[in-house]
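Asks: Before I ask anything, let me first share the structure, which is written out below as structure tokens.
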Amino acid sequence: MKLISFYKFFVGTESKFVDSVTQGSQDLAERYWASLNSACLFFILFLVVMSIILCVYYFTAYNEQPRRHYRRTHWIGFYIGTVVFIFLGTAALGFLLTKPTVTGSKSLIWDIAAGNAVYSILIFGVLSVVWWLWLPTNAYRLIGKR
Numbered sequence: 000m001k002l003i004s005f006y007k008f009f010v011g012t013e014s015k016f017v018d019s020v021t022q023g024s025q026d027l028a029e030r031y032w033a034s035l036n037s038a039c040l041f042f043i044l045f046l047v048v049m050s051i052i053l054c055v056y057y058f059t060a061y062n063e064q065p066r067r068h069y070r071r072t073h074w075i076g077f078y079i080g081t082v083v084f085i086f087l088g089t090a091a092l093g094f095l096l097t098k099p100t101v102t103g104s105k106s107l108i109w110d111i112a113a114g115n116a117v118y119s120i121l122i123f124g125v126l127s128v129v130w131w132l133w134l135p136t137n138a139y140r141l142i143g144k145r
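Per numbering that gives the first Met the number 0, residue 0 is the first one in the sequence shown, and the count goes up by one each step.
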């Protein structure tokens with residue numbers, strides 16, 4: 000299964016990447032694409048698990064501390080912090096799991112990291128709406144009962 004298709008909007012296609020490298024490096028580009036595809040499972044797991052953990056932490060433990068109730072700025076800070084953390088964490092994971100050896104391979108990792116950042120916006124946003132509407136919290140509520 001090609002998990003890299005989860006990031007197709009951000010990284011493009013394999014043929015476009017392979018065609019962009021010099022003639023002698025196309026085998027290396029194909030091997031790098033395959034290693035990136037293998038690492039995509041870890042990128043997706045990192046995205047989902049860390050987005051959920053950070054959102055749950057905000058709505059539970061963080062807001063049980065004094066003077067942190069009902070503050071929009073705290074929610075926005077956690078939202079932005081989650082996106083930045085996911086972006087940088089995915090990039091670090093990408094550089095650790097794959098060895099960028101072909102021209103343009105580093106930009107693929109940054110593109111996947113940007114994709115994960117966008118997906119984390121969606122995950123944190125959806126989890127926040129679910130929490131605001133149906134779960135108890137001391138945290139700021141943009142919508143739902145106050």
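The beta-carbon is built from N, C-alpha and C at its ideal position, and this holds for glycine as well.
What's the gap between the Cα of residue 82 and the Cα of residue 116?
Replies: If I take the Cα positions, the gap works out to 5 Å.
Asks: Report buried or exposed for residue 114, applying the criterion of at least 16 other Cβ atoms within 10 angstroms of its Cβ.
Replies: With 16 or more Cβ atoms within 10 Å of its Cβ, residue 114 is classed as buried.
Asks: Just to confirm the assignment: which complete beta strand (DSSP E) runs, minimum length 3, are found wholly within the region 17-57?
Replies: DSSP runs (the beta strand (DSSP E)) wholly in the region 17-57: none.
Asks: Using beta-carbon positions only, say whether residue 88 and residue 108 come within less than 8 Å of one another.
Replies: Against a cut-off of 8 Å, the Cβ pair of residue 108 and residue 88 comes out as no contact.
Asks: Counting beta carbon pairs with one atom in the region 7-16 and one in the region 28-42, are three or more of them shorter than 8 Å?
Replies: Segments in contact, yes.
Asks: In or out: residue 100 buried (at least 16 other Cβ within 10 Å) or exposed?
Replies: It is exposed - the Cβ of residue 100 has fewer than 16 other Cβ atoms within 10 Å.
Asks: If you follow the alpha helix (DSSP H) that residue 62 is in, where does it begin and where does it stop?
Replies: First-last for residue 62: undefined, no H or E at that position.
Asks: Considering just the uninterrupted stretch of the alpha helix (DSSP H) at residue 71, what are its terminal residues?
Replies: That run of the alpha helix (DSSP H) goes 71-96.
Asks: Would you mind stating whether residue 56 and residue 138 have Cβ atoms separated by less than 8 Å?
Replies: Taking 8 Å as the Cβ cut-off, residue 56 and residue 138 do not qualify as a contacting pair.
Asks: Please determine, among 129, 112, 25 and 132, the residue with the shortest C-alpha to C-alpha distance to residue 44.
Replies: Taking only the C-alpha atoms, the option nearest residue 44 is 112.
Asks: Please report how far the alpha carbon of residue 28 lies from the alpha carbon of residue 105, in whole angstroms.
Replies: Distance between the alpha carbons of residue 28 and residue 105: 12 Å.
Asks: Do the CB positions of residue 46 and residue 127 come within less than 8 Å of each other?
Replies: No, the Cβ-Cβ distance between residue 46 and residue 127 is not below 8 Å.
Asks: By a C-beta neighbour count over all protein chains shown, 10 Å radius and 16 as the cutoff for buried, is residue 134 buried or exposed?
Replies: Under this definition residue 134 is an exposed residue.
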